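Following: one structure in structure tokens, then a few remarks.
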Amino acid sequence: MKILVVGSGAREHVIAKKLSENADVYTYMGRKNPGLRDVSVDYMVNDESDFDAIVKFAKDMEVDIAFIGPEAPLEMGIVDTLKAEGIESVGPVKSAAQIETNKAFMRELFETYDIPGSIKYGTFYDLDDAYAFIDDFNEPVVIKPIGLTGGKGVKIVGDQLKDNEEAKEYVKEIFDQKMGGFSGVVIEELLIGEEYTIQAFVDGKNLVPMPAAQDHPHAFEGNKGPITGGMGSYTDTGALLPFLTQEEYDQSVEIMQKTIDAIAQQEEPYKGILYGQFMITKDGPKVIEYNARFGDPESMNVLSLLDDDLSKIAQQIVDGTLEDVKFMDKASVCKYVVPDNYPATKAADTIVEVDSDAIAQKDADLFYAAVYADENDDVKLTSSRAMAVLAIRDTIDEAEAACEEAIGFIDGEVYHRSDVATKALLDEKMEHMKNVRG
Ligand code: GLY
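Following my numbering, the numbering of the sequence shown begins with 8 at its first residue and continues without gaps.
Here you go:
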């Protein structure tokens, strides 16, 4: 079987690595990711929005199906384009991908189909109406641009925003800049609890969930600093998290099932990976948002635990015949190594030295993200997350320690969050949830 992977980050590296265990992988990437190159039978480096080039590469390589990694090509309709050329994809068509690409669509879908896990919100295309909503609401709010912003557009009162007055200033900025492509905004109630992620394989009708994961979006230790794409994530045994019960996990999966049922009814069947970002609150699971693709870094946790053939699952997604999927019952910890200036956007272009053999000897995995191999095959930094290290062990503690040890074999102008998944941080989360649940 021949599978095309589209995308150039660590998420695509783990997808391609897993697929390559049972299939021939062909990669179309925007930047020469050394990890993707090494697991691909062939690859092409070119603009990821050039659909003509993607179709041509897919046809030249005679691929059977495509696996779309990032959200940007999904928003632009890559799955529809490939379908028109006779190539089916793991990834939703444009109308179904709106569950991620249009925050107003997502909230309205929940309202129309009475899906549990919804929250108080308003969608506004008029600035004065948005201001009036914030004033009347009189509680801390969360401000979201409607369209895609690379995970950096959401701002929360009490975190990045001081108060609701600053929230109004941010709303004006979104309108003025048409941030995310819309002069509009979604304003939501602030949820109190712990965030977690459940990712699922979806074949249009059936949904198979993966182990729950928790990301660490803040840049600095102690959950401080700006929001990033994610500095590290962990999973626990039993597919749960230390603060998440089986009942809450099941309720979350039920919400996801109802969401894909609603998308099929209102739009077109959803095929691909559905990423549910939830908050466990005193009133149970609430949906923060959905992504129409694997999470990054969470994909590395769950796909490394996958004890099954991803190419077979990909075919079943396309055919609408998804069956049960097996995962190892272990804990995993993944930590991102990022450029010293991250998340500031100054490109570094300096060499990062990686002893991948030593990392492998420590029984850890290395996934390349926003780095590139130069003409001398040196690995160079860009402005974004560089590479991720993942360890799987019987407990989170053991996986965390193994991950730290392996990161010691990476050297350059980089840093990472050493507190990700540590006992001290997890104890704080447990204490927090105890207080939230009352
Ligand atoms: N880890 C957050 C995301 O993938 O969007």
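By construction, the Cβ of each residue, glycine as well, lies at the ideal position given by its N, Cα and C atoms.
Remember, it's a predicted structure, so these values are computed and weren't measured experimentally.
Annotated three-state conformation of F189 is coil, per DSSP. Set against 7 Å, the gap from the CB of N308 to the closest heavy atom of the ligand GLY is not smaller. If you draw a straight line from the Cα of K333 to the Cα of D316, it comes to about 9 Å.
DSSP, reduced to helix, strand and coil, places V12 within a strand of the structure shown. Remark: C-beta atoms of M286 and I295 approach each other more closely than 8 Å. Buried is the label assigned to Y297, since at least 16 other Cβ atoms lie within 10 Å of its Cβ. G158 is the residue among N213, Q167, G158 and I205 whose C-alpha sits nearest the C-alpha of G187. Just so you know, the alpha carbons of V32 and A23 end up roughly 6 Å apart. Taking a cut-off of 8 Å for Cβ pairs, the region 217-226 and the region 234-245 touch, as three or more such pairs fall below it. C-alpha of T266 to C-alpha of I122: approximately 7 Å in a straight line. Taking a contact as a CB-CB distance under 8 Å, the pair I194 and F131 counts as one, their CB atoms being some 7 Å apart. In the DSSP assignment, L168 forms a beta bridge with V164. When rounded, the separation of the alpha-carbon atoms in T389 and R38 is 10 Å. Residue range A17 to L26 is occupied by the alpha helix (DSSP H) that includes H20.
Take T88, set aside five residues on each side of it, and the residues of its chain with a beta-carbon closer than 6 Å to its own are F58, in chain order. DSSP places F58 inside the alpha helix (DSSP H), whose first and last residues are F58 to D67. In this structure the region 299-317 touches the region 389-399; the number of beta carbon pairs closer than 8 Å is three or more. Per the coordinates, the alpha-carbon of L134 lies some 24 Å from the alpha-carbon of L198. Annotation for R300: R18, I75, G76, P77, E78, L81, G98, E107, G279, I280 and Y282 place their beta carbon closer than 8 Å to its own, counting only its chain and skipping 5 residues before and after.
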